[in-house]
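Position one of the sequence shown corresponds to residue 1 (UniProt numbering), numbered consecutively onward.
Where is the CB? At the ideal position from N, CA and C, for every residue including glycine.
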Amino acid sequence: MGPMPRKRVKRGTVDEVMVANNGGATEETVKTSKGKKSQKRTKKSSATTISSQKTPKFKCSECLLGFDTEKDINSHIFSTHYGLARINDDLKTPFTENQIIQALIKAQKVMKVLKCHNEGCNKTFKSGLGLKMHWDLCGKSESEITKNCEICGKQLKIQSVSYHMRSKHSNRSPDSPSDEEVVTNDEDNSSAKTPRKRASAIKAQKTIKKSTKGELIISGSVSDNELTAKSDSDTEVEAEEPEDKQTFEKNKTSRELNELKELKDSYNNKLNTESGFRQILLLWRESVISIKEFLREIPKDQFQQWLNTVSLKGKVRCPLEGCNQAFTTRDGLKYHYQRCGIEFKFTYKCKLCGFEALKGNKTIVQHLWTTHKESIPELPSELLEFITEVDMSRIGNQSNGSAKYEINRKDTTTYALEFHRRFYKQKSFPSYVPTSQSWIPLSEDELSAYIPTPNPSAYFKSTLSTGDSWNQLNLFESLSTQQYITFFVGGPVWATAWCPLPHSATTCDQFLAVASNMNWDTTHTLNDTDIESGLIQLWSVGQLGTAFDATVKPRLAFSIAHCCGMVWDMEWCPGGTTWDDISGHKPNDTQALPRMGLLALACGDGFVRIHSIPHPQTLNNSYDNTLYYNEPVVILNPPGVGNSVNCENTICKCISWIKSNEQHLIVAGYGSGVIAVWDLTTKSSLLIVEQSVSQTILRPLNSWMAHSASVNGIKWFDSSSDQFVVSCGFDRSAKLWNLKDLTVPITTVKRGLFTAIDTHMQWNGMFLGNDDCYLANSLTTHKSCVWDMSLSEWTAAVVSVDAAGEAVIFPNFQFKADPKRKPYDRLPLFHISVQPLDEITPKPSKNTKTKKSKQKDDKNDLIIDAKEPPLRSYPEFTAKYGLVFNDYDLTSAKAIPIDEINRIRLPTHMQYQRLSDYPLLSINRVCWNPNHTSCVWLLTATQSGLCRLSCVPFLSSTPALNT
């Protein structure tokens, strides 16, 4: 039998723990259930009360707690008193203001949040200066924190006395430092706004300011002659590093003091300003209607009942019927109860003229002072002095929520100017000059083959017009209304382009090219390369500025007849580098004509043609709508053309002309998914098919299968490099290509059926338009297919248009600068609706609906009721309906109705057209004016043949152009 197993003795469990505080030591007596002797364990404590048995070595002078180690008391002083207590200091030596600020700043960096320990005050602060400023006022009566001015007797806050003395009773400017501030720092009197100096600069300054005997020279205490004499002495005193550090700390403290004083002055100055406006408004109350007159009164017992409910349940609900909103504070419910169910469009309203101020008394005071100065009571001398000194120009006219519609845009003008000066210095392609022999006027018998049927346009009218009558334009006529100019080109438009001007041509007329289709109901396929006649129209729009000019009347300068199929895209040679001045041209010169620019066309037969366009005045000396036939100076063959290949030709869908490196490259996208690049300056015999004095035919420099379906958009990256191209297509992808390695794209984005693409020279990114139901991080959203978009290189504003007649502008694009979406990020430019010809258009009301009601009304906003029979052709549509251009005042963003801004916030609230109807409302193309002096103008072209010029003055940039 083996040995008996040893019995394990179980320790007793703890029954009781006693803790006694005795003379700085803590005794714990533990009793066990086994009746063992009680064991005493003595543990040292960090904080004790003063005991007769043992006197602590260190004592806090602020709270009189004793500690045994220096480490423990230092930790206590820092965490409890923020470093503002001394050790074993029975006299309680006070701290200087510099020491207090330094201690609070150091404590805030470690503890992040500081708390006021005054009795009854539990406020917290995230800065040491804020807590210091609060301590100066906390717990003091009104008489303790105010003081009367010794000169004028005005009652002021103590912190505002110094600012008041400097601004009212001194010859110095209010921002200049006082004498006390000058001598605060013995070494360096840098103000709070002066940037921190480097250690080497401080050391050099100390060396210069030291005399030969090592005495410190204070600024202003020694004359310049004495300073020069002392500095010329042979004895030199070296600046020591510890003194530099000490000087730096003093300078830092001085800056912090100045920051605190400026903070106090600005705070009290703000209070004085608000008080001044309230006093003025009280005197002018007879001329003002206040929102307080319409507020709901609260019963006396109701207010106390709310307070009791909040104390017991933590929240209280609005007692009004139909409102179940809950509040956690009594004051919150008070504010809501007074306004619940009442619509307020203003805070103050002028009785004299009806001016409405959304909020703030400053706006209504500024309005009365500037507009009705003779009709309002005179102000006392003190308030008169106040209102004349206040900078009223900084108080904007905040009618209809103008403060809400301040657009903070990132300025891109400077970058664009630098880009233009760098790459548009010299003339491009001097050999491609138009001649008078190449421009052949057509006879009257030939006109009918190219000019559309001279039917008038569809009926239309604008909501900004005073009358309610319908307008109709004949072929090539124009009409100017408020903020918009409309002209009729005779057919659907799918290609437009502004003619760029050089920066020196600031007083020249501006031109735009429009490609119109002769047939309204023709359907084109991607491989439809049959010959089709058409017109390229050159319109003169006069001299444009940054503001709308109602005298501008577009007129057709001349047209170019062609038989190259549908023109899907066109682009001028960028930068105005192909523009010639006509001042030196002789009228009898029959050879070379001054060139207006080179215009590239993406044609339906697959070829890219470049025409050299002369100035209209040199052709016929008048605007008589002459139709010309012109041979292009350059023809770019599509890839796969020749006897050695068997490739089916497709339409050329889009083109892009490079802006940098002398504009020598053109890229084009085709319906087959192929992209091709041509070099216009090549000398290679392999790329030149034919070359003569009047015409050059080129093969592509490079081509590749970029997409598995039609290429819908293509752009060069506007940078100093000529190797990056972005494209998008019907295969639901957008790609970034490096021309030096076309094996695979650098980036591929697959998200939707992309219809348009654009780039900006300052941001490395793509702007994409698509026909899909979802797009993440979208700038503007539509309910119909987005046909086109345009990005201004001067204002960085994006405009997109869709098939339902909506034009939306995104005015303040900042790439990842402001992630929060704001209501004014998207603004309506205009939208087109239809109306039966026998109805009268109701006048739009100004902000009569709230956001919620508007959303309910526009939930299913079909342009034509679904019960109506489909309208499948242009004549059928125009015989029954007319177009209504819903226009807005674009002089400022604040003038656009809030209901319209809310309507385009979500695509579900925007209008859309039935797919069975002819797309008469469709806006097919939009393009910004590329010229700096008129960069706020844009052109929109519609399926109805009506083109519109719009001016958006609030996008105007201020930087001047230095040529």
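For residue j and residue i, the rounded distance between their alpha carbons
i, j, result
"S462", "E839", "14 Å"
"A706", "G673", "6 Å"
"H372", "I145", "39 Å"
"F327", "A709", "58 Å"
"D899", "S428", "49 Å"
"A550", "I485", "8 Å"
"S934", "T578", "19 Å"
"N474", "P828", "28 Å"
"S52", "H134", "Because the pLDDT at S52 is just 43, under 50, the model does not fix this residue reliably, and the value given afterwards should be weighed accordingly. Roughly 40 Å between the two C-alpha positions."
"L627", "T618", "15 Å"
"R751", "A676", "24 Å"
"D478", "S540", "Reading off the sequence shown, one finds Ser at residue 478, where the question assumed Asp. Spanning the two alpha carbons is a distance of roughly 11 Å."
"A513", "K553", "16 Å"
"H169", "E418", "49 Å"
"residue 966", "L687", "The structure shown does not extend to residue 966, since the chain is modelled only from 1 to 963, so the question has no answer here."
"P456", "L535", "17 Å"
"Q279", "C138", "27 Å"
"S956", "T795", "7 Å"
Own chain, CB closer than 7 Å to residue i, minus 5 neighbours either side, in chain order
i, result
"A495", "A515, V567, W568, D569, M570, R925"
"Q913", "S784, A803, A804, I863, P919, L921"
"N630", "S438, W439, I560, H611"
Selected residue, minimal CA-CA separation from residue i, among the options
i, options, result
"V936", "Y918, I898, S892, Y874", "S892"
"E806", "W794, V834, A796", "V834"
"F717", "N527, S710, S656, K740", "S656"
"Y888", "R905, I832, A941, S162", "I832"
"I364", "D802, A797, L283", "L283"
"T522", "V161, Y918, T80, A866", "Y918"
"S469", "F476, L475, Y459", "Y459"
"I613", "L129, L599, G945", "L599"
"G604", "L295, Y335, K292, N517", "N517"
"I298", "S287, D331, G322", "D331"
"I291", "P434, K425, A357", "A357"
"L114", "G314, N88, S79, W520", "S79"
"residue 970", "K168, D509, V786, W794", "Examination of residue 970 is not possible in this model, given that the chain is present from 1 through 963 alone."
"E374", "L307, L312, Q279, S287", "S287"
"R285", "K315, E378, Y337", "E378"
"Q695", "I635, I651, Q366", "I635"
"Y670", "P638, C573, L538", "P638"
"G276", "L384, T347, Q302", "L384"
Counted within 10 angstroms of its Cβ, other Cβ atoms place residue i as buried (16 or more) or exposed
i, result
"H615", "buried"
"C152", "exposed"
"R699", "buried"
"D530", "exposed"
"A803", "buried"
"Y335", "exposed"
"K856", "Reliability fails at K856, whose pLDDT of 38 lies under 50, so the model's placement of it is uncertain and the value that follows must be treated cautiously. When all chains shown are included, K856 counts as exposed."
"L556", "buried"
"residue 977", "Nothing about residue 977 can be reported from this structure: the residues present for the chain run from 1 to 963 only."
"F476", "buried"
"R609", "buried"
6 Å CB neighbourhood of residue i in its chain, flanking five on each side removed
i, result
"S916", "P870"
"N661", "D722"
"T681", "H664"
"T878", "A458"
"P930", "W498, P500"
"K735", "S727, P745, T748"
"N702", "V677"
"F423", "S660"
Residues near residue i by beta carbon distance below 8 Å, same chain, minus five either side
i, result
"K880", "P836, L837, L871"
"Q483", "L464, F548, D887, Y888, D889, L890, T891, S950, C951"
Proximity test, residue i beta-carbon vs the ligand SAM heavy atom, cut-off 6 Å
i, result
"M133", "This structure lacks the ligand SAM, and indeed carries no ligand of any kind."
Beta carbon proximity, residue i to chain D, threshold 7 Å
i, result
"D731", "Note that chain D does not occur in the displayed structure, where there is just one protein chain."
Report task. Check whether the region 780 to 793 touches the region 912 to 930, taking contact to mean three or more Cβ pairs, one atom from each stretch, closer than 8 Å. Result -> yes
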